[in-house]
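Below is one structure, written out as structure tokens, with a few remarks after it.
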Amino acid sequence: MRRLYFLVPDLVMAHAIVDDLLLARLTERQIHVIAREGTALGNLPEAGLAQKTDLIPAIERGIGLGGVTGTLAGLVAVAIPGAAVVSAGAMVLALALAGGATGAWISSMIGVSVDSPRLKPYEDAIAQGQILMMIDVPAARVAELEQAIRERHPGARDQGVEAAIPAFP
Numbered sequence: 002m003r004r005l006y007f008l009v010p011d012l013v014m015a016h017a018i019v020d021d022l023l024l025a026r027l028t029e030r031q032i033h034v035i036a037r038e039g040t041a042l043g044n045l046p047e048a049g050l051a052q053k054t055d056l057i058p059a060i061e062r063g064i065g066l067g068g069v070t071g072t073l074a075g076l077v078a079v080a081i082p083g084a085a086v087v088s089a090g091a092m093v094l095a096l097a098l099a100g101g102a103t104g105a106w107i108s109s110m111i112g113v114s115v116d117s118p119r120l121k122p123y124e125d126a127i128a129q130g131q132i133l134m135m136i137d138v139p140a141a142r143v144a145e146l147e148q149a150i151r152e153r154h155p156g157a158r159d160q161g162v163e164a165a166i167p168a169f170p
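Right, here's the structure in full:
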């Protein structure tokens with residue numbers, strides 16, 4: 002999957018693009034719209050926490066750091082004589098999993114309160130009233146959908162493609 006970014010000047014064009022994307026067999030789950038705070042989006046698919054915040058990258062970092070910390074704690078526990086009542090492998094694995102889960106939980110609480118760094122370049126445009134559309138599409142359809150939007154909606158400004166989006170955006 003790839004994420005297309007478009008800046009759209011108004012809600013009328015945003016509605017028209019969403020209609021075209023739905024006719025192109027994309028689902029509402031693949032379309033994310035961000036507008037200035039207080040803008041009534043109507044039935045446009047508004048971006049959720051995963052798109053607006055640093056939630057997903059924070060969870061990924063938390064799993065990694067927590068897993069490493071848990072693994073190190075397990076290795077230390079195994080190295081202490083008499084502390085390892087269960088098998089060493091099971092203890093290291095259990096502590097690595099517990100560390101990963103704890104890291105994901107703690108970092109998700111932090112990530113949900115931090116704005117997504119991916120949206121930083123668009124903050125001024127959104128503040129001026131433009132609408133950011135993020136569209137998740139299969140890699141094979143990127144060129145087709147970019148061209149369709151450019152041809153049918155010349156006021157939409159193509160902002161590029163994000164090469165890799167999280168597995169569960």
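Take 2 as the starting number for the sequence shown in this note's numbering and just add one per residue.
In this text, a Cβ means the ideal position worked out from N, Cα and C, and glycines have one as well.
It should be emphasised that the depicted structure is a prediction, and the values quoted were computed from it without experimental measurement.
Where does residue i land, buried or exposed, given buried means 16+ other C-beta within 10 angstroms?
i	result
residue 96	buried
residue 4	buried
residue 75	buried
residue 11	exposed
residue 54	buried
residue 129	exposed
residue 13	exposed
residue 9	buried
residue 115	exposed
residue 77	exposed
Who are the Cβ neighbours of residue i in its own chain at under 7 angstroms, not counting the five residues just before and after it?
i	result
residue 111	59
residue 159	7, 147, 151
residue 127	35, 36, 37, 133
Would you list the residues sitting across from residue i in a DSSP beta bridge?
i	result
residue 8	133, 158
residue 116	54
So, at 8 angstroms on beta carbons, what are the nonlocal neighbours of residue i in its own chain, with the 5 sequence-adjacent residues on each side left out?
i	result
residue 162	3, 4, 5, 6, 143, 147
Assuming residue i and residue j are in contact, meaning their beta carbons sit under 8 angstroms apart, how far apart are those beta carbons, in whole angstroms?
i	j	result
residue 134	residue 57	Rounded, the Cβ-Cβ distance is 19 angstroms, inconsistent with contact.
residue 48	residue 132	Rounded, the Cβ-Cβ distance is 11 angstroms, inconsistent with contact.
residue 113	residue 92	That pair is no contact at about 32 angstroms.
residue 67	residue 41	About 40 angstroms separates the two Cβ atoms, so there is no contact after all.
_3 or more residues per run - each beta strand (DSSP E) lying fully within the stretch 20–102_ = Correct list: 32–35.
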